[in-house]
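K.L.:
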Amino acid sequence: MVGASYAAVPLYDLFCRVTGFGGTPQVATSDSDIVINRMITVRFDGNVNHSLPWKFKPAQRSVTLKMGESAQLAYLATNTGSEETVGTSTFNVWPPSAGAYFNKLDCFCFTEQKLASGETVEMPVVFFVDPEMDKDPELEHVKEITLSYTFFPVEEPEQPVAARAEAPSAETNL
Numbered sequence: 024m025v026g027a028s029y030a031a032v033p034l035y036d037l038f039c040r041v042t043g044f045g046g047t048p049q050v051a052t053s054d055s056d057i058v059i060n061r062m063i064t065v066r067f068d069g070n071v072n073h074s075l076p077w078k079f080k081p082a083q084r085s086v087t088l089k090m091g092e093s094a095q096l097a098y099l100a101t102n103t104g105s106e107e108t109v110g111t112s113t114f115n116v117w118p119p120s121a122g123a124y125f126n127k128l129d130c131f132c133f134t135e136q137k138l139a140s141g142e143t144v145e146m147p148v149v150f151f152v153d154p155e156m157d158k159d160p161e162l163e164h165v166k167e168i169t170l171s172y173t174f175f176p177v178e179e180p181e182q183p184v185a186a187r188a189e190a191p192s193a194e195t196n197l
């Protein structure tokens with residue numbers, strides 16, 4: 024039963040990414056073909072797990088755009104630790120029902136990020152809000168969406184004991 028619980032986590036994550044359930048944004052391969060006049064403000068939020076010695080914040084707090092219009096902005100990350108570290112981010116959209124309409128064209132969140140000690144990097148995200156959101160009665164009064172990221176450390180996988188042991192010499196195999 025415990026194994027089934029662990030197996031459910033990646034399946035649930037996949038379900039959320041495909042459907043936008045739970046505020047998970049969609050991944051788009053091209054800009055929207057339609058831009059409508061309804062304006063939407065997207066607010067940006069950045070957080071870091073206490074185990075990762077980084078500062079992480081959006082370069083700007085919000086942007087207002089038409090639904091269907093693409094926008095690019097950046098987040099800034101600084102490794103305040105004394106060693107190189109690797110982080111990966113989780114993300115969501117608020118309100119959760121808007122996640123199905125929030126489309127990312129490009130995002131730093133698609134890959135792990137490696138920062139040297141003291142290094143600061145700009146991490147871009149390109150997105151649009153699907154104009155179909157305008158037809159959703161549950162979201163007709165929504166004027167703001169929040170895109171939030173949280174970075175977590177990526178632990179280096181521990182090598183198996185056999186990989187750490189020295190290879191036997193030809194003399195010991197006789």
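First residue of the sequence shown: 24, per our numbering; consecutive thereafter. The beta-carbon is built from N, C-alpha and C at its ideal position, and this holds for glycine as well. From a predicted model like this one, the values you see are computed outputs, not experimental measurements.
(1) Which value, in whole angstroms, describes the spacing of the CA atoms of Arg-84 and Glu-178?
(2) Within this structure, are the beta carbons of Ala-97 and Ala-82 separated by less than 8 Å?
(3) Helix, strand or coil: which one does DSSP assign to Gly-122?
(4) Does Met-156 come out as helix, strand or coil in the three-state DSSP assignment?
(5) Work out the CA separation of Pro-118 and Ile-63 for me, nearest whole Å.
(6) Would you call Glu-57 buried or exposed, if buried means 16 or more other Cβ atoms sit within 10 Å of its Cβ?
(7) Comparing alpha-carbon positions, which option in Thr-113, Ile-59, Asn-70 lies nearest Glu-135?
(8) Give the DSSP-derived three-state secondary structure of Glu-92 in the structure shown.
(9) When the distance is taken between beta carbons, is Gly-110 closer than 8 Å to Phe-174?
(10) May I have the straight-line CA-CA distance separating Val-148 from Asn-70, to the nearest angstrom?
(11) Quick one: what does DSSP say Glu-167 is sitting in, helix, strand or coil?
(12) Going by DSSP, name the residue or residues bridged to Cys-130.
(13) If I measure Cβ to Cβ from Leu-88 and keep anything under 6 Å in the same chain, skipping five residues before and after, which residues do I get?
P.N.:
Checking against the coordinates, here is how it stands:
(1) A straight line joining the alpha-carbon of Arg-84 with that of Glu-178 spans about 30 Å.
(2) yes
(3) helix
(4) helix
(5) Going by the C-alpha atoms only, they are around 13 Å apart.
(6) Note that residue 57 is Ile in the sequence shown here, rather than Glu. Burial call: exposed.
(7) Thr-113
(8) coil
(9) In this structure, Phe-174 lies near Gly-110, with their beta-carbon atoms less than 8 Å apart.
(10) 16 Å
(11) strand
(12) Val-148
(13) Ala-94, listed in sequence order.
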